[in-house]
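What follows is a single structure, written as structure tokens, with notes after it.
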Amino acid sequence: MQSWPAPARSRLPGRGFPLRVFDTATGSVRPLAAGPTARMYVCGITPYDATHLGHAFTYLTYDLLARVLLDAGHDVRYVQNVTDVDDPLFERARRDNQDWREIARNQIDLFRTDMAALRILPPTAYVGAVESIPLVIELIEKLHGRDATYEVDRDIYFPIGAAPHFGEISHLSHDMMVDRAAGNGGDPGRPGKRNPLDPLLWRAERPGEPAWPSPFGPGRPGWHIECAAIALAHLGERIDIQGGGTDLMFPHHECGVAHAEVASGVRPFARTHVHTAMVHLDGHKMSKSRGNLEFVSRLLVRGVPPAVIRIALLGHRHTAEWEWAPSLLDLARERLARWQAAIGHERGPDTRPLLDDVRRHLADDLDAPSAVAAVDRWAGAALSTGGDDPQAPALAHAIIDSLLGVDVEPIMAGGSSV
Ligand code: 5CA
Ligand code: ZN
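Take 0 as the starting number for the sequence shown in numbering that gives the first Met the number 0 and just add one per residue.
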């Protein structure tokens with residue numbers, strides 16, 4: 000599947016700091032300790048109701064993470080999927096009397112456009128579930144060979160009893176796991192399952208649903224096995240970062256990791272589990288099911304510059320939930336104007352402390368708000384006391400562009416923008 004165009008990235012002097020990041024499985028901030036090539040898998044959208052600001056905040060998290068790794072001298076191999084075959088997508092297609100393939104196509108296009116507008120670094124491989132069905136079949140066969148599949152009325156399940164470390168990412172009680180599985184596409188109440196938490200690997204064909212041929216009969220993949228198959232095939236048996244929103248911790252990531260580890264025999268599949276906290280609106284998680292959404296494209300159509308949206312999102316840490324409010328755009332607009340004016344000056348204050356601060360804050364568990372505050376301090380000094388370094392405005396521009404992903408168009412003192 001086609002990814003979106005990569006934004007230009009300015010070069011910076013020196014090197015960034017090694018990243019420390021909060022890992023869900025251990026519940027602690029730890030050094031990432033990736034090799035020269037960092038491997039990252041991030042769960043992509045199910046293509047309907049894209050791109051809301053919760054999606055945007057999640058993909059901004061991994062954009063910042065990739066920027067920190069690149070700045071520290073790593074290559075980044077980044078894979079993201081598209082869940083372009085799934086129950087919620089079919090439900091939406093039925094509701095709107097549209098073809099699910101067409102909804103998926105249009106929404107993936109919209110998502111790409113929004114990501115490019117927000118200058119989110121694209122994955123090196125952007126991979127659809129439909130195009131990966133042969134990989135899924137191969138992985139189910141591998142699990143079958145390891146005695147880690149069973150059948151319930153032609154559907155194929157994964158026995159979590161085959162995964163001795165099941166539960167060690169999310170650390171939930173059995174009852175909480177059952178509850179979360181029920182609310183996230185699972186079927187804990189289905190008779191005939193060995194364990195209520197066992198996830199579906201292959202769903203046999205049902206009338207009115209799309210199906211693909213397989214050695215276990217026509218049908219379609221379960222959700223978690225798709226991401227496991229794509230990650231294993233495109234990144235290998237061990238990755239550095241598994242990412243997505245906190246809503247994916249259980250059952251999705253727990254099950255996907257169990258599939259990968261049982262199939263490969265390599266543990267841990269993911270060295271670090273990074274989860275982005277949920278963006279809320281009207282007091283609840285911004286979600287398709289509730290419909291409390293604000294869209295990137297709606298803001299863009301209203302004339303909000305993409306840099307303003309990005310700055311509004313950068314004001315929040317990825318580890319804490321927050322509530323969207325339109326007033327955040329006003330604050331971001333004012334902030335951008337100050338940065339533009341500061342960079343429009345012919346000279347400015349020394350940028351070495353700025354570069355050091357932005358690098359240090361981002362390497363500290365992606366502390367974007369503190370990095371933004373460091374830019375504010377530099378811009379404040381540029382606008383008040385001035386500074387006499389003729390290189391400073393261009394360097395500040397490069398720092399903000401390369402590490403925060405904001406391309407600040409300078410506004411010259413006369414008011415014209417360049
Ligand atoms: N296709 C699956 C993953 S394989 C999926 O969860 N799709 S999604 O469209 O529902 O969500 C896409 C990404 O956005 C996921 O990583 C999800 O965790 C994240 N996300 C969804 N809602 C929010 C929100 N309100 N705040 C932050 N992130 C969110
Ligand atoms: Zn996923």
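We put the beta carbon where it would ideally sit given N, CA and C, even for glycine.
Which whole-angstrom value is the C-beta distance of Arg198 and Tyr149, which I expect to be below 8 Å? Rather than Arg, the amino acid found at residue 198 in this sequence is Pro. About 12 Å; that fails the 8 Å criterion.
DSSP three-state label for Leu402, please. Leu402 falls in the helix class under three-state DSSP.
Residues near the ligand ZN, CB to any non-hydrogen atom under 5 Å, in chain order? In chain order, the hits are Cys42 and Cys226.
Quick one: does Pro368 have its CB under 7 Å from some CB of chain D? Absent from the structure is chain D; it holds one protein chain and no more.
Best match in Pro4, Met0, Ile168 and Arg10 for proximity to Val129 [C-alpha to C-alpha]: Checking every option, the nearest Cα to that of Val129 belongs to Met0.
Sorted by chain position, which residues of the same chain lie with C-beta nearer than 8 Å to Gln339's C-beta, five sequence neighbours on each side aside? Result list for Gln339: Val407, Glu408, Pro409, Ile410 and Ser416, in chain order.
CB His51 to CB Leu292, shorter than 7 Å? Yes, these two residues count as a Cβ contact at 7 Å.
How long is the line joining the alpha carbons of Thr350 and Val374, rounded to whole angstroms? Near 10 Å, if we compare the C-alpha coordinates of Val374 and Thr350.
Report buried or exposed for Met175, applying the criterion of at least 16 other Cβ atoms within 10 angstroms of its Cβ. Label assigned to Met175: exposed.
Beta-carbon separation of Pro46 and Ala103 under 7 Å? Yes, these two residues count as a Cβ contact at 7 Å.
Mind reading off the beta-carbon distance from Leu200 to Ala180? Whole number of angstroms is fine, and I expect it under 8 Å. Leu200 to Ala180, Cβ: 15 Å. No contact.
Touch check for the stretch 70-82 and the stretch 117-134: three-plus C-beta pairs under 8 Å? When Cβ pairs closer than 8 Å are counted between the two stretches, the stretch 70-82 is seen to touch the stretch 117-134, the count reaching three or more.
Give a yes or no on whether the C-beta atoms belonging to Asp246 and Arg19 are separated by under 7 Å. No; because the gap between Cβ atoms is not below 7 Å, this pair is not in contact.
Assuming Gly243 and His252 form a contact by the criterion Cβ under 8 Å, report the distance between their Cβ atoms to the nearest whole angstrom. A Cβ-Cβ distance of about 7 Å is found for the pair Gly243 and His252, placing them in contact under the 8 Å criterion.
What does the alpha-carbon distance come out to for the pair Asp178 and Gly26? Straight-line spacing of the CA atoms in Asp178 and Gly26 works out to 22 Å.
Tell me, which residues are paired with Val151 by DSSP? Its beta-bridge partners are Asp154.
Assign Asp74 to one of three DSSP states: helix, strand, or coil. In this structure, Asp74 counts as strand in the three-state DSSP scheme.
Confirm the yes/no value for this check: CB of Leu247, any heavy atom of the ligand 5CA, distance under 6 Å. Placement of the Cβ of Leu247 at a distance of less than 6 Å from at least one heavy atom of the ligand 5CA is found.
Can you tell me the Cβ-Cβ gap for Ile240 and Met114, rounded? I've got them flagged as a contact below 8 Å. Contact flag wrong, Cβ pair sits at about 18 Å.
Do you know how far the Cα of Ala32 is from the Cα of His73? Per the coordinates, the alpha-carbon of His73 lies some 11 Å from the alpha-carbon of Ala32.
If you follow the beta strand (DSSP E) that Asp355 is part of, which residue opens it and which one closes it? According to the DSSP assignment, Asp355 belongs to no beta strand (DSSP E) but to the alpha helix (DSSP H) extending over Arg351 to Ala362.
Just verifying my parser: in three-state terms, what is the DSSP assignment at Leu11? In the structure shown, Leu11 adopts coil according to DSSP, grouped into three states.
Under the criterion of a Cβ to heavy atom distance below 6 Å, does Ile44 qualify as lining the ligand 5CA? True, at least one ligand heavy atom lies under 6 Å from that Cβ.
Bridge partner(s) assigned by DSSP for Ile102: Ile102 pairs with nothing; no bridge assigned.
From what residue to what residue does the alpha helix (DSSP H) around His223 run? Looking at the DSSP string, the run of the alpha helix (DSSP H) that includes His223 is Trp222 to Leu234.
How many angstroms separate the CA atom of Leu11 from the CA atom of His223? Roughly 39 Å separates the two Cα atoms.
For Asp22, report the span of its beta strand (DSSP E) as first-last. Start and end: Arg19 to Asp22.
Report yes if the CB atom of Leu402 is closer than 7 Å to the CB atom of Val357, and no otherwise. Yes. Within cutoff.
Quick one: what does DSSP say Val417 is sitting in, helix, strand or coil? Residue placement at Val417 is flagged as unreliable, the pLDDT there being 46, under the threshold of 50; the coordinate-derived value follows with that caveat. Three-state DSSP puts Val417 in coil, outside helix and strand.
Which of helix, strand or coil does DSSP assign to Trp201? Strand at Trp201.
What's the C-alpha gap between Asp48 and Lys287? Rounded to the nearest angstrom, the two C-alpha atoms are 6 Å apart.
Can you tell me whether Ile238 is helix, strand or coil according to DSSP? In the structure shown, Ile238 adopts extended strand secondary structure according to DSSP, grouped into three states.
Contact check, Leu327 vs Ala311 under 8 Å by CB: the rounded distance? Their Cβ separation, rounded to whole angstroms, is 4 Å, which keeps Leu327 and Ala311 in contact under 8 Å.
Between Tyr58 and the rest of its own chain, which residues show a CB-CB distance below 7 Å, the 5 nearest in sequence each way excluded? These residues qualify, in order along the chain: Met114 and Ile119.
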